[in-house]
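A quick write-up on the structure given underneath.
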Amino acid sequence: MTRTSDNILETIRMIDEECLDIRTVTMGISLMDCADSDIDRACEKIYQKLMNKAKDLVKTAGDISREYGIPIVNARISVTPISLLASVSGGDCVKYAKTLDRAGKDLGVNFIGGYSALVQKGMTEGDRLLIESIPEALACTDIVCSSVNIGSTKAGINMDAVKKMGQIVRRCSELTADNNCFGAAKLVVFCNAVEDNPFMAGAFHGISEPDCVINVGVSGPGVVRNAVREAGPEASMDEIAEIIKRTAFKVTRMGQLVGREASRRLNVPFGIVDLSLAPTPAVGDSVAQILEEIGLEQCGGPGTTACLAMLNDAVKKGGIMASSSVGGLSGAFIPVSEDAGMIAAAEAGTLTIEKLEAMTAVCSVGLDMIIVPGDTTAETLSAIIADEAAIGMINSKTTACRLIPAIGKKAGEHLVFGGLLGEGPVMPLKTVSPAVMVHRGGRIPSPIQSLKN
Amino acid sequence: MRAVISVVGKDRPGILAFVATECAKRTINIVDVTQKVLQDLFTMIMIVEIPEDLENMHKIADEFDELGKEQALRIHFMHEDIFNAMHTI
Chain Y
0 MTRTSDNILE
10 TIRMIDEECL
20 DIRTVTMGIS
30 LMDCADSDID
40 RACEKIYQKL
50 MNKAKDLVKT
60 AGDISREYGI
70 PIVNARISVT
80 PISLLASVSG
90 GDCVKYAKTL
100 DRAGKDLGVN
110 FIGGYSALVQ
120 KGMTEGDRLL
130 IESIPEALAC
140 TDIVCSSVNI
150 GSTKAGINMD
160 AVKKMGQIVR
170 RCSELTADNN
180 CFGAAKLVVF
190 CNAVEDNPFM
200 AGAFHGISEP
210 DCVINVGVSG
220 PGVVRNAVRE
230 AGPEASMDEI
240 AEIIKRTAFK
250 VTRMGQLVGR
260 EASRRLNVPF
270 GIVDLSLAPT
280 PAVGDSVAQI
290 LEEIGLEQCG
300 GPGTTACLAM
310 LNDAVKKGGI
320 MASSSVGGLS
330 GAFIPVSEDA
340 GMIAAAEAGT
350 LTIEKLEAMT
360 AVCSVGLDMI
370 IVPGDTTAET
380 LSAIIADEAA
390 IGMINSKTTA
400 CRLIPAIGKK
410 AGEHLVFGGL
420 LGEGPVMPLK
430 TVSPAVMVHR
440 GGRIPSPIQS
450 LKN
Chain G
0 MRAVISVVGK
10 DRPGILAFVA
20 TECAKRTINI
30 VDVTQKVLQD
40 LFTMIMIVEI
50 PEDLENMHKI
60 ADEFDELGKE
70 QALRIHFMHE
80 DIFNAMHTI
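These protein sequences, in sequence, are chains Y and G.
Counted from 1, the first sequence has number 49 at position 50 by numbering that gives the first Met the number 0; the numbering is strictly sequential.
Counted from 1, the second sequence has number 44 at position 45 by numbering that gives the first Met the number 0; the numbering is strictly sequential.
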């Protein structure tokens, strides 16, 4: 036996003091066999299938958590993009959202994702119906999450969809204005969306996935931060990168173990481990503070993009050997309202949306959980979405926008969501108008990078 | 199947005996013990063998957690696979 007391104490310290956890065990469930030309019949089939497939999910996650002594924070479900079912049934898509919400609550999961459409190249009638229904669907449900993919490296950017999504994001906020604009916090606009992402709000079960699959998302910004701190200010950047790799390896191994065990007990194939440093508002569970530990006075200042690029890359390199299958988004998340360090930097004015945009070119996702002034126009939202999608399209990476217009609030005021979604300051935006560009519509053709064949 | 019991708390006579007794009550066999007192902080790591028929391991974990709280100790009861996974290749 090679295990030593030090190893055991290290693991216990990571869990007890450094907020190491399994962020989510997400069951992906295909709903293709629930499609029906009668929307009510389709909803009934969906409810039955979810209740059948995921009946033991929450209990199993709880059992594993207690036996292994690892906190499993969330059990979640992702489903086939609902626009595909809407294409068959037509009708009022909000019925689908209500069905997902009801099933999710009956199963005890805390989020259910997949109220989604993939429209990077064009829209079907089902896609259009679903997108139009998103604001109402998110306002009248609690745990349903929605995502729309409007661009990809292969297809370019669908500017008609970008224009539409600016309006939809704004409408989501307006309909939930009395509930901290919560609707918009459950909607992600993607470029190069991945099909096996276990993290919300952007999770959906891609059409190339099996009928049912278990994906695991691990986290641990606190662990990485502590490891960097222990290295001290004398360590060189390559030494820091090495330390982050080693830490990421250990964290991913834990995710792999939990994923395999959950898959065995639920008798469902194991999909991927998504090793993402996903911050929470809890003290010490912050990606911004890792960057500051590397040696920045505050996140958002000069040097931030370089540190984040190194961090994101080292996390991937450490994770890749630790798991039979690393997937999802794997890297570092930078959601502003969910990260105590980011919130502080945004409040101090050090972290601006322009710097965040640069950071998204090297992190694993995009402009995430950013609260913008309530009078931001749909056109401005669309233009930000287009900018972010362009970064993803050209760099062949996933980018996303989760922007929350804080209805009735101005830059500098505060919006509080509570829970994992946190809180944050309203960040100022440039107000010069992109309206003519946005209203052109059409498509940004796929870039030269797409011609790899 | 093996598990790791770790105990941390303020030192006093009888901690090891207490944990060992609780193990014995459940026919849990102790395989290895490492124990240290640093200043007045008691730290112990126990490797134990869980009988085959004790399938409800999470219940034992809960019981030890509860016992720890009663005794003002932090007791972790964890499957040994977690340590093997994280610290060996």
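Cβ atoms here follow ideal geometry from the backbone N, Cα and C, with glycine treated the same way.
Taken in chain order, the complete alpha helix (DSSP H) segments of 4 residues or longer contained in the stretch 338 to 388 of chain Y are 339 to 347 and 352 to 359.
Rounded to the nearest angstrom, the gap between the Cα atoms of E124 of chain Y and E194 of chain Y is 22 Å. Neighbours of F82 of chain G in chain Y, taken as residues at a C-beta separation under 8 Å, are given in chain order as R2, N6, I7 and T10. Using a 10 angstroms sphere on the CB of D20 of chain Y, the tally of other CB atoms reaches 16 or more, which defines it as buried. At a cut-off of 9 Å between beta carbons, Q288 of chain Y makes no contact with chain G. If you check the CB distance, V425 of chain Y and H413 of chain Y come in under 9 Å. With fewer than 16 neighbouring CB atoms inside 10 Å of its own CB, V36 of chain G falls in the exposed class. Every unbroken stretch of the beta strand (DSSP E) spanning 3 or more residues and falling wholly within the stretch 128 to 211 of chain Y is given here in chain order: 143 to 151, 155 to 157 and 186 to 190.
In terms of beta-carbon proximity, D386 of chain Y stays away from the interface with chain G, with every pair separated by 9 Å or more. Using a CB distance cut-off of 9 Å, F76 of chain G counts as an interface residue toward chain Y. Close partners of V36 of chain G in chain Y (Cβ separation under 9 Å) are lacking, with about 14 Å as the shortest Cβ gap. Neighbourhood of I14 of chain G in chain Y, by CB distance below 7 Å: empty, with the nearest CB roughly 17 Å away. With at least 16 other beta carbons inside 10 angstroms of its own, I213 of chain Y counts as buried. Taking a Cβ-Cβ threshold of 7 Å, none of the residues of chain Y is close to A19 of chain G; the smallest such distance is about 18 Å. Within chain Y, the residues whose beta carbon sits less than 7 Å from that of M85 of chain G are T10, K249, R252 and M253, listed in sequence order.
Look at I44 of chain G: its C-beta is under 9 Å from a C-beta on chain Y. The C-beta of V47 of chain G comes no closer than 9 Å to any C-beta of chain Y. The DSSP-derived three-state label of K58 of chain Y is helix.
Residue pairing by DSSP places I443 of chain Y opposite Y:I156 in a beta bridge.
Collapsing the DSSP output to three states places F82 of chain G in a helix. Here DSSP, grouped into helix, strand and coil, assigns R11 of chain G to coil. Following the DSSP letters along the chain, one finds K408 of chain Y in no alpha helix (DSSP H), marked with neither H nor E. Close to chain G, meaning a Cβ-Cβ distance shorter than 9 Å, are the following residues of the stretch 58 to 72 of chain Y: G61, D62, I63, S64, R65, E66, Y67, G68 and I69. For I71 of chain Y, the uninterrupted beta strand (DSSP E) run begins and ends at I71 to V78, by DSSP. Comparing alpha-carbon positions, the option among Y:A200, Y:N109 and Y:G407 lying closest to D177 of chain Y turns out to be Y:G407.
Taking the Cα positions, A331 of chain Y is about 7 Å away from V286 of chain Y. Rounded to the nearest angstrom, the gap between the Cα atoms of G258 of chain Y and D5 of chain Y is 25 Å. Under a 10 Å Cβ-count criterion, A321 of chain Y is classified as buried, with 16 or more other Cβ atoms of the shown protein chains found around its own Cβ.
Here L450 of chain Y is exposed. Its C-beta has fewer than 16 other C-beta atoms within 10 Å. Within the stretch 210 to 274 of chain Y, the complete beta strand (DSSP E) segments at least 3 residues long are 211 to 217, listed from N- to C-terminus.
The beta carbon of P334 of chain Y sits closer than 6 Å to the beta carbons of D367 and M368 from its chain, once the five residues preceding and following it are set aside; these are given in chain order. Three or more pairs of CB atoms, one per stretch, sit closer than 8 Å, so the stretch 74 to 86 of chain Y contacts the stretch 199 to 206 of chain Y.
Looking only at Y:A85, Y:I393, Y:I403 and Y:V108, the smallest Cα-Cα distance to I156 of chain Y is reached by Y:I393. DSSP, reduced to helix, strand and coil, places Q38 of chain G outside both helices and strands of the structure shown, so it counts as coil. Contact with chain Y is found for T33 of chain G, since one of that chain's Cβ atoms lies less than 9 Å from the residue's Cβ.
Assigned with DSSP and collapsed to three states, M122 of chain Y falls in coil, not helix or strand.
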